[in-house]
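Reading through the structure tokens given below for one structure.
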Amino acid sequence: MQISKYIYSFSYDNAESELCKLESRYIFNKEEKNKLLFSDIKAEPSNSAFVKRRLDIISFSEDYSTLINDIKKESICVEGFKIEYLVFDGDTTGYAERLNKLRDIGYSIEGIPDYYSPTITYALCYYEGIWYFGNLIKNNYAWYKHKQKPCSYSSSISINIAKALVNIAAKANKEKKLLDACCGVGTIMLEACFAGNNIEGCDINWKICKDARENLSHFNYTANIYHSDIKDINNRYEAAIIDLPYNLFSSATDNDILHIIESTAEITDRLVIVSTSDITNLINNSGFRISDYCSVSKKGKTSFARKIWVCEKNG
Ligand SMILES: C[S@@+](CC[C@H](N)C(=O)[O-])C[C@H]1O[C@@H](n2cnc3c(N)ncnc32)[C@H](O)[C@@H]1O
27 MQISKYIYSF SYDNAESELC KLESRYIFNK EEKNKLLFSD IKAEPSNSAF VKRRLDIISF
87 SEDYSTLIND IKKESICVEG FKIEYLVFDG DTTGYAERLN KLRDIGYSIE GIPDYYSPTI
147 TYALCYYEGI WYFGNLIKNN YAWYKHKQKP CSYSSSISIN IAKALVNIAA KANKEKKLLD
207 ACCGVGTIML EACFAGNNIE GCDINWKICK DARENLSHFN YTANIYHSDI KDINNRYEAA
267 IIDLPYNLFS SATDNDILHI IESTAEITDR LVIVSTSDIT NLINNSGFRI SDYCSVSKKG
327 KTSFARKIWV CEKNG
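Numbers in this note's numbering are just positions in the sequence shown, counted from 1, shifted up by 26.
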């Protein structure tokens, strides 16, 4: 039986479902289904807003007793372990039986469990006829701290979108050199730095650049932020994110938008563009081909949506 190395479980609401699927296509090369995804690709849950946990499969079997025997054969010996039961779609195992199964596994591991501050967490789950046991790695949500950044402003993007943009741009490759072309106060850069991505930022507004630098240093991150019109940046990047100006504070005409896209096109072959209005024609006229797309509406506000285009240079 061919089984993947990892099972990922996801958590998102309806408004973010398309965004989660878009992110998933760039981290895992496929979409999650029923909020689950099997993959051989190892990704850190905390680097996504939507990946809730990753199960690193140690043993699996269609037959529960075989699974228990296989776990015993692993001779796991660890102090302070904890075991959780993950209930996946289609698993009808009742609560009492789930507790019994956790006990079976507890007896198959040598060491004293610790349910309050475990040194390691294991998990058991059942999906589509197969029992799985493995190491459980959870999203630690430590990135929530960025919600308390010292400087914010009204045009800032949500932290969930920011994380997804980094993953879409980097395609889960930390080495890729990224640019946040209109970085604002650095919401996207904070998430890139948290995940260990290689990113630089640029913004035309001096005060906003100062705020972005303050935000990064508040969390002890270091990354270059250029106070510049994007047209004057000469470095090359493997991908650039452009969160286009959109409201009264940072308004932009079609010409401004074309100027930003065409200038960024000079320094990269791959763009991830965010806008609140439909700029498909502008993108098509700028020498780029749209290869992927999604729309994210603001929670509770169906009339306000951010659109995200993934674009590759023509030819
Ligand atoms: C929507 S805001 C970006 C918000 C940012 N993602 C955040 O969350 O803080 C767009 C930014 O583009 C910047 N901008 C506008 N024209 C620019 C240009 N030609 N070159 C670089 N930055 C530009 C504005 O100063 C503004 O801060």
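Every residue gets a Cβ at the ideal spot worked out from N, C-alpha and C, and that includes glycine. Note that this is a predicted model, so its numbers are computed, not measured.
Look at the alpha carbon of residue i and the alpha carbon of residue j, and state the distance between them as a whole number of angstroms.
i, j, result
"residue 62", "residue 36", "6 Å"
"residue 267", "residue 205", "6 Å"
"residue 322", "residue 333", "6 Å"
"residue 105", "residue 133", "13 Å"
"residue 98", "residue 83", "15 Å"
"residue 281", "residue 315", "19 Å"
"residue 127", "residue 89", "13 Å"
"residue 122", "residue 100", "26 Å"
"residue 225", "residue 130", "47 Å"
"residue 117", "residue 153", "7 Å"
"residue 124", "residue 85", "18 Å"
"residue 313", "residue 307", "11 Å"
"residue 192", "residue 174", "20 Å"
"residue 265", "residue 231", "22 Å"
"residue 139", "residue 67", "30 Å"
"residue 221", "residue 182", "19 Å"
"residue 341", "residue 200", "26 Å"
Can you tell which of the options has its C-alpha closest to the C-alpha of residue i?
i, options, result
"residue 112", "189, 66, 145, 163", "163"
"residue 170", "159, 179, 157, 184", "184"
"residue 115", "176, 155, 143", "155"
"residue 157", "95, 122, 308, 102", "95"
"residue 108", "118, 146, 100", "146"
"residue 168", "72, 85, 143", "72"
"residue 240", "139, 213, 265", "213"
"residue 38", "161, 201, 211, 47", "47"
"residue 270", "92, 152, 293, 304", "304"
"residue 80", "118, 44, 92, 32", "32"
"residue 203", "297, 307, 78, 319", "297"
"residue 56", "264, 339, 272, 194", "194"
"residue 242", "231, 262, 219, 259", "219"
"residue 60", "34, 49, 182, 244", "34"
"residue 119", "137, 66, 150, 177", "150"
"residue 246", "339, 172, 28", "172"
"residue 74", "50, 338, 302, 93", "50"
"residue 78", "58, 91, 92", "58"
List the whole-angstrom C-beta distance separating residue i from residue j, where the pair is believed to meet the contact cut-off of C-beta under 8 Å.
i, j, result
"residue 209", "residue 237", "At roughly 10 Å, the Cβ-Cβ gap does not stay under 8 Å, so residue 209 and residue 237 are not in contact."
"residue 249", "residue 215", "6 Å"
"residue 233", "residue 41", "Wrong, their Cβ atoms sit about 32 Å apart, outside the cutoff."
"residue 188", "residue 290", "Actually they do not touch by this definition, with Cβ atoms about 18 Å apart."
"residue 160", "residue 148", "7 Å"
"residue 196", "residue 165", "Contact doesn't hold; Cβ gap of about 18 Å is too wide."
"residue 179", "residue 211", "6 Å"
"residue 198", "residue 69", "6 Å"
Any beta-carbon of chain C closer than 7 Å to the one on residue i?
i, result
"residue 317", "Checking the listed chains, one finds no chain C in this structure; it contains a single protein chain."
Less than 7 Å between the beta carbons of residue i and residue j, yes or no?
i, j, result
"residue 283", "residue 256", "no"
"residue 30", "residue 76", "no"
"residue 336", "residue 318", "yes"
"residue 102", "residue 53", "no"
"residue 272", "residue 294", "no"
"residue 44", "residue 235", "no"
"residue 176", "residue 244", "yes"
Practice prompt. Could you pull out every unbroken beta strand (DSSP E) segment of at least 3 residues lying fully inside the stretch 279-315, listed in chain order?
Written response: 296-301
Checklist line | Any beta strand (DSSP E) of 3 or more consecutive residues that is wholly inside the stretch 140-187 | finding: 146-153, 156-164
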